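Chains as they are written, first to last, in the working numbering: chain A, -10 to 278; chain B, 2 to 271; chain C, 18 to 301. Below: the structure, in structure tokens.
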Amino acid sequence: MSEILKTEDLVFSYNNGSPVKRAAINKVSFTLKKGETLGIIGHTGSGKSTLVQTLNGLIKPESGTVFLDGEDLWKNPKQVYQKRFRVGLVFQYPEYQLFEETVYKDIAFGPKNMGLSEEEIDFRIKKYISLLGLNLNYLEKSPFDLSGGEKRRVALAGILAMEPEVLVLDEPTAGLDPVGRENLFKAIELYKKERSAAVIIVSHSMEDLARLSDKLLVMNLGEAKMFGTVEEVFARYEELSKMGLDVPVVTKILLELKALGLNVNTKAFTPAQAIKNIELLLKEGDINA
Amino acid sequence: MLSSFTLGQYYNTTSVIHRLDPRFKLLQLIFIIAFIFVCKNFFALFLMCALVLIAMLLSKVPFRMYLRNLKVILPIVVFTAILNMLYVNQGEVVLFSWWIITVTLDGVLKAAFMVIRILLLILISAVLTYTTTPTELTDAIESLLKPLKFLGLGELVHTLAMMMTISLRFIPTLTDETDKIISAQKARGADLESGNILSKIKALLPILIPLLFSAIRRADDLADAMDCRCYSGGKGRTRMKKLVPGAKDYITTTILIVVFAAVIVVGKVF
Amino acid sequence: MQNIIEINNLTFQYDGDSPNSSAAVEGINLQIEKGSFTVILGHNGSGKSTLAKLLNGLLLPTEGSVSVDGLLTTDEKNIFEIRRKLGMVFQNPDNQIVCTVVEEDVAFGPENLGLEPSEIRKRVDSALETVDMTEYRFAAPDRLSGGQKQRVALAGILAMEPECIVLDEPTAMLDPKGRKEVIETITRLNKEKGITVILITHFMEEAENADRVIVMDSGKITADGSLFDVFSNTGLIVNAGLALPQSVELLSVLKQKGFNVKPGYISPKAAAKEIYRALKGGTL
Chain A
-10 MSEILKTEDL VFSYNNGSPV KRAAINKVSF TLKKGETLGI IGHTGSGKST
40 LVQTLNGLIK PESGTVFLDG EDLWKNPKQV YQKRFRVGLV FQYPEYQLFE
90 ETVYKDIAFG PKNMGLSEEE IDFRIKKYIS LLGLNLNYLE KSPFDLSGGE
140 KRRVALAGIL AMEPEVLVLD EPTAGLDPVG RENLFKAIEL YKKERSAAVI
190 IVSHSMEDLA RLSDKLLVMN LGEAKMFGTV EEVFARYEEL SKMGLDVPVV
240 TKILLELKAL GLNVNTKAFT PAQAIKNIEL LLKEGDINA
Chain B
2 MLSSFTLGQY YNTTSVIHRL DPRFKLLQLI FIIAFIFVCK NFFALFLMCA
52 LVLIAMLLSK VPFRMYLRNL KVILPIVVFT AILNMLYVNQ GEVVLFSWWI
102 ITVTLDGVLK AAFMVIRILL LILISAVLTY TTTPTELTDA IESLLKPLKF
152 LGLGELVHTL AMMMTISLRF IPTLTDETDK IISAQKARGA DLESGNILSK
202 IKALLPILIP LLFSAIRRAD DLADAMDCRC YSGGKGRTRM KKLVPGAKDY
252 ITTTILIVVF AAVIVVGKVF
Chain C
18 MQNIIEINNL TFQYDGDSPN SSAAVEGINL QIEKGSFTVI LGHNGSGKST
68 LAKLLNGLLL PTEGSVSVDG LLTTDEKNIF EIRRKLGMVF QNPDNQIVCT
118 VVEEDVAFGP ENLGLEPSEI RKRVDSALET VDMTEYRFAA PDRLSGGQKQ
168 RVALAGILAM EPECIVLDEP TAMLDPKGRK EVIETITRLN KEKGITVILI
218 THFMEEAENA DRVIVMDSGK ITADGSLFDV FSNTGLIVNA GLALPQSVEL
268 LSVLKQKGFN VKPGYISPKA AAKEIYRALK GGTL
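Below you can see the structure in the form of structure tokens.
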């Protein structure tokens, strides 16, 4: 499938022009195809949040280019505003940006700014509140009366209702409990499938990224240190560990088993894969390396 | 961006000025400001200049930090200068005349006098804010207002001081938050720049409402946290840092009195 | 061992007009031993945060009673003594720091207790040392990372010399590094200083150092026991809306497949050793 998003050597620094200038991102390049999920890994302060804000034009890079569907995002600076509907950005703790009297009006905010017709807005609101697993009588409630997990889903619906081709989520599950997390991921997967959208997820959970992503981008001190498939990136666990980053827990367990002298294949990033590798070990008979 | 805005611009270093009792510093500042306005002529003003310069040197705060402060008020300075130059039309020496605009030597001198006054004002205030933490200032105000206790206003003074402390503590947090909310609403296509005043005010609601809710939520949390730490107002409360004036405070005060006397004398003589 | 907390038949109901009009906490009986490390697990809305606020009288029981070191929370004259003995750290690191300088914030509690300035100074220095934040004592709290802020909040509680610290989801808003800092610090406080710790969380990984694990669901206690007891009952954990740590998940599946493993090991190293033991034992 075709490339929907591509960045080339993005550079942006804070306090530009002052002696305390600090590069937030430095020469970051990656590509993303329709229907793909990209996971972004990195410490707090590694430039992840700056990077995602360059993707919808909230931050203008000092140099380098963001290509959306082959076109330079900043080709016509007056129209960057329009691009925000095509690259939907969900910030961390998005429930804190809810402001309308009703859930309905809040979800309508983005679509209204797009200039869609009333009928189209109504259709999308109902569609996406359902996709997020909330029933239609939520629409007339005040968003401030909902539980934390429900608020988060309403906020996400507000972005999905703009039907972005690229959905970018900055730590979408921070502060949610396991049930809330699963609900959110389910909705993201559904949306991705239905619109064959590209998804970018910034997360600290290697376990979540291992199971959701096709590709991973590793950020460290503002630089893209690795970009590749989940398997390619997690295979470089030693480098990751030097940056203070982890691999999924099951991968760590297999690496420990290997260190204990077992001849186990350590290429496993989800529990199911790991179990397969452990079982395989027994079938082959000779478990020692 | 809003986050580049810092309130309370304490510069962390150790100097004589840093170590002065904040109450003395605050009172000294008030008197210095008063005397900057008392200055009648350039000679008196020169004395004050010297005083401010010495204070700046003693503070060990780099001069570029002070310059940064001046940069902010540059438009006001220029405006004052132009206004004074144009407004004062007396004096025989006409430097410049065009159409209805006449600039005289007196006008220029008057303008220079005003500009120096404003600069001194800004610089000496900066000396205080660079060398005193907002908390020290709050403590100083609370302590200076202590006599009000005898009027039965002790709890009120404490409450005001506590409110100041909490405001100082949360202003950076809330400016950060405002930045985030602005970005988040922009990502939903909020248009904050164009339109007339009415639509601009309306466009602010998606920012102000979440900010208000956030402030209320934080206040709730903070109230719980303060309760958990046995807070019950000013009664029975002690402080870790007691303000005790030392030799430095009395010496600087004496020096200031001498300078002030000199300013008065110079103002009268010349 | 003596109990620091005694909870008898505790029920708490929020006001009828609030969205959670069903009982948030219902019929809880619980004793917490002095010096123990207890983890309370539960999903959001399971009643675990309400329980925390009932422990030091921020909320008062609708029915039943809570006492801390023999002092009832319903007796108003006990409230300051209870709050001194039982300190509390909350989820949002930004919303519990009062002052603009780290060391002054740590002093806030002892100042409220009306202690002598020299005593406050001593306690503040020692509390900052304990949480390893001495080098930041003059820093502005808003310049610190989330993990550092939570450690300052902990120091502020420590300076009141409590016997028990309750932490209500202290790591929910932190990154992995901050999470590690906080968990290591509270584990150290428990092991080295003998302070009773009650850690409320939905991250099961954080139960690793606990003597006792309690699971809450719908305002009730649904499991209470050692880490091994609780974690081997996977059905119960899933029903309580929690997620098993991946290591435990892996071990449970292996057990179902007939491997002779106990599914209570959280750290990758321990889990690997357990698998290794089972494989080498050849009990299949």
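Backbone N, C-alpha and C define an ideal beta-carbon position, used for all residues, glycine too. Here the structure is a predicted model, which means the values were calculated and not measured.
Rounded C-alpha distance that separates C:Ala69 from C:Asp142: As a first step, residue 69 of chain C is located in the third sequence; it is residue number 52 there, counting from the start. As a first step, residue 142 of chain C is located in the third sequence; it is residue number 125 there, counting from the start. Approximately 28 Å, taken between the alpha carbons.
Chain A within 8 Å of B:Arg189, Cβ atoms only: Locating residue 189 of chain B in the second sequence gives position 188, where the first residue counts as 1. Cβ-Cβ to chain A under 8 Å: yes for B:Arg189.
Chain-order list of residues whose beta-carbon lies under 6 Å from that of A:Met208 (same chain, five-residue window excluded): Counting from 1 along the first sequence, the entry for residue 208 of chain A is found at position 219. Cβ neighbours of A:Met208 beyond the five flanking positions: Gly31, Ser35, Gly36 and Lys37.
8 Å Cβ cutoff, B:Met2 in contact with chain C: Residue 2 of chain B sits at position 1 when you count from the first residue of the second sequence. Annotation note: pLDDT 38 at B:Met2 (below 50); position unreliable, coordinate value reported separately. Taking 8 Å as the CB threshold, B:Met2 stays off the interface with chain C.
Per DSSP, the bridge partner or partners of C:Asp234: Residue mapping note: residue 234 of chain C aligns to position 217 of the third sequence, counting from 1. In DSSP, C:Asp234 forms a bridge with C:Lys237.
Interface residues of chain C facing B:Arg219 [CB-CB closer than 8 Å]: In the second sequence, counting from the first residue as 1, residue 219 of chain B sits at position 218. Within 8 Å Cβ-Cβ: Asn109, Asp111 and Asn112.
Close-in-space but distant-in-sequence residues of the same chain around C:Ser159 (CB under 8 Å, 5 per side omitted): In the third sequence, the residue the question calls residue 159 of chain C occupies position 142. The residue you asked about is not Ser; residue 159 of chain C is Asp in the sequence shown. So the qualifying residues of the chain are Asp111.
Element boundaries [beta strand (DSSP E), containing C:Gln48]: Along the third sequence, one-based indexing puts residue 48 of chain C at 31. Run containing C:Gln48: Val42 to Glu50, per the beta strand (DSSP E) assignment.
Within-8 Å CB hit, A:Glu152 to chain C: The sequence position of residue 152 of chain A within the first sequence is 163, counting from 1. Judged by the 8 Å Cβ criterion, A:Glu152 is not in contact with chain C.
Interface flag, C:Gly62 vs chain A, CB-CB below 8 Å: In the third sequence, the residue the question calls residue 62 of chain C occupies position 45. With 8 Å as the cut-off, C:Gly62 counts as an interface residue toward chain A.
CA-to-CA distance, A:Lys256 to A:Gly211, given in whole angstroms: Counting from 1 along the first sequence, the entry for residue 211 of chain A is found at position 222. Counting from 1 along the first sequence, the entry for residue 256 of chain A is found at position 267. The alpha-carbon separation between A:Gly211 and A:Lys256 amounts to approximately 28 Å.
Buried or exposed (CB count within 10 angstroms, at least 16 for buried), C:Glu291: Counting from one through the third sequence, the residue named residue 291 of chain C turns up at place 274. Per the 10 Å Cβ criterion, buried.
Whole-angstrom distance between C:Lys65 and C:Tyr282, CA atom to CA atom: Locating residue 282 of chain C in the third sequence gives position 265, counting from the first residue. Locating residue 65 of chain C in the third sequence gives position 48, counting from the first residue. Each residue's Cα considered, the two are about 24 Å apart.
Beta-carbon proximity of C:Val265 to C:Phe248, cut-off 8 Å: On the third sequence, position 248 is the one that residue 265 of chain C refers to. On the third sequence, position 231 is the one that residue 248 of chain C refers to. For C:Val265 and C:Phe248, yes; Cβs fall inside 8 Å.
C:Gln165 to C:Thr28 span [Cα, whole Å]: Here residue 165 of chain C is taken as the residue at index 148 of the third sequence, counted from 1. Here residue 28 of chain C is taken as the residue at index 11 of the third sequence, counted from 1. Pairing C:Gln165 with C:Thr28, the inter-Cα distance amounts to about 35 Å.
Inter-stretch contact at 8 Å, needing at least 3 Cβ pairs: the segment 249 to 261 of chain B / the segment 198 to 215 of chain B: By the Cβ rule, the segment 249 to 261 of chain B does not count as touching the segment 198 to 215 of chain B, because fewer than three pairs are nearer than 8 Å.
8 Å Cβ cutoff, C:Cys116 in contact with chain B: Walking along the third sequence from the start, residue 116 of chain C turns up at place 99. By the rule that beta-carbons nearer than 8 Å mark a contact, C:Cys116 touches chain B.
Nearest neighbour of C:Lys51, chosen from C:Gly81, C:Ile212 and C:Phe276 [CA to CA]: As a working mapping, residue 51 of chain C is identified with position 34 in the third sequence. The option with the nearest alpha carbon to C:Lys51 is C:Ile212.
Cut-off 8 Å between Cβ atoms - residues of its own chain near A:Asp203, not counting five sequence neighbours on either side: By 1-based counting over the first sequence, the position of residue 203 of chain A is 214. Answer for A:Asp203: Glu25, Thr26, Leu27, Thr218 and Val219, listed in chain order.
Closest by C-alpha distance to C:Lys102, when choosing among C:Arg154, C:Leu47 and C:Met177: By 1-based counting over the third sequence, the position of residue 102 of chain C is 85. Taking the Cα of C:Lys102 as reference, the smallest distance to any Cα among C:Arg154, C:Leu47 and C:Met177 is reached at C:Met177.
B:Leu3 versus B:Lys181 - alpha carbon distance: Mapped onto the second sequence, residue 3 of chain B falls at position 2. Mapped onto the second sequence, residue 181 of chain B falls at position 180. Because the pLDDT at B:Leu3 is just 41, under 50, the model does not fix this residue reliably, and the point stays unresolved.
Contact with chain C by B:Ala226, beta-carbon distance below 8 Å: For the purposes of this step, residue 226 of chain B is taken as residue 225 along the second sequence, with counting starting at 1. The beta carbon of B:Ala226 falls within 8 Å of a beta carbon belonging to chain C, placing the residue at that interface.
Distance CB(A:Phe74)-CB(A:Met151) smaller than 8 Å: Taking the first sequence and counting its residues from 1, one reaches residue 74 of chain A at position 85. Taking the first sequence and counting its residues from 1, one reaches residue 151 of chain A at position 162. Yes, they are a contact pair.
Where the beta strand (DSSP E) containing C:Thr204 begins and where it ends: Along the third sequence, read from residue 1 onward, the residue named residue 204 of chain C stands at position 187. Secondary structure note for C:Thr204: it is in no beta strand (DSSP E), and the uninterrupted alpha helix (DSSP H) holding it is Pro193 to Lys210.
Distance between beta carbons of A:Ser18 and A:Thr(-4), contact taken as under 8 Å: Sequence index remark: in the first sequence, residue -4 of chain A carries index 7 (1-based). Sequence index remark: in the first sequence, residue 18 of chain A carries index 29 (1-based). In this structure A:Thr(-4) touches A:Ser18 by the C-beta definition: roughly 6 Å separates them, less than 8 Å.
Interface flag, A:Met215 vs chain B, CB-CB below 8 Å: For the purposes of this step, residue 215 of chain A is identified with residue 226 of the first sequence, where counting begins at 1. With its beta carbon at least 8 Å from every one in chain B, A:Met215 lies outside the interface.
With 16 other Cβ atoms within 10 Å as the buried cut-off, status of C:Ser135: Here residue 135 of chain C refers to the residue found at position 118 when the third sequence is read from its first residue. With fewer than 16 Cβ atoms within 10 Å of its Cβ, C:Ser135 is classed as exposed.
Cβ-based contacts, 9 Å cut-off: residues of the segment 183 to 212 of chain B near chain C: Nothing from the segment 183 to 212 of chain B brings a Cβ to less than 9 Å from some Cβ of chain C.
Interfacial residues, the segment 250 to 265 of chain C to chain A, with Cβ spacing under 8 Å: Within the segment 250 to 265 of chain C, the residues whose Cβ lies closer than 8 Å to any Cβ of chain A are, in chain order, Gly258, Leu259, Ala260, Pro262, Gln263 and Ser264.
Three-state secondary structure assigned by DSSP to B:Met163: Stepping through the second sequence from its first residue, residue 163 of chain B is reached at position 162. Here B:Met163 sits in helix by DSSP.
Top-ranked residue by Cα proximity to A:Thr54, from A:Thr20, A:Tyr93 and A:Tyr85: Numbered from its first residue, the first sequence carries residue 54 of chain A at position 65. When A:Thr20, A:Tyr93 and A:Tyr85 are compared, the shortest CA-CA separation from A:Thr54 is found for A:Thr20.
Interface partners of B:Tyr232 on chain C, CB under 7 Å: To locate residue 232 of chain B, count along the second sequence from 1; it is residue 231. By Cβ distance, chain C contributes Asn129.
Helix, strand or coil at B:Thr81 according to DSSP, with G and I counted as helix: Taking the second sequence and counting its residues from 1, one reaches residue 81 of chain B at position 80. Correct three-state label for B:Thr81: helix.
Proximity test, Cβ basis, 8 Å: A:Tyr93 and chain B: Taking the first sequence and counting its residues from 1, one reaches residue 93 of chain A at position 104. Chain B, which has no Cβ nearer than 8 Å to the Cβ of A:Tyr93, makes this no.
C-beta atoms of A:Gly77 and A:Val157 nearer than 8 Å: Mapped onto the first sequence, residue 77 of chain A falls at position 88. Mapped onto the first sequence, residue 157 of chain A falls at position 168. Annotated as proximal: A:Gly77 and A:Val157, with beta-carbon spacing under 8 Å.
Own chain partners of C:Phe107 with C-beta closer than 7 Å, once the 5 adjacent residues on each side are dropped: Walking along the third sequence from the start, residue 107 of chain C turns up at place 90. Counting only Cβ-Cβ distances below 7 Å, and skipping sequence neighbours, we find Gln113 and Asp185.
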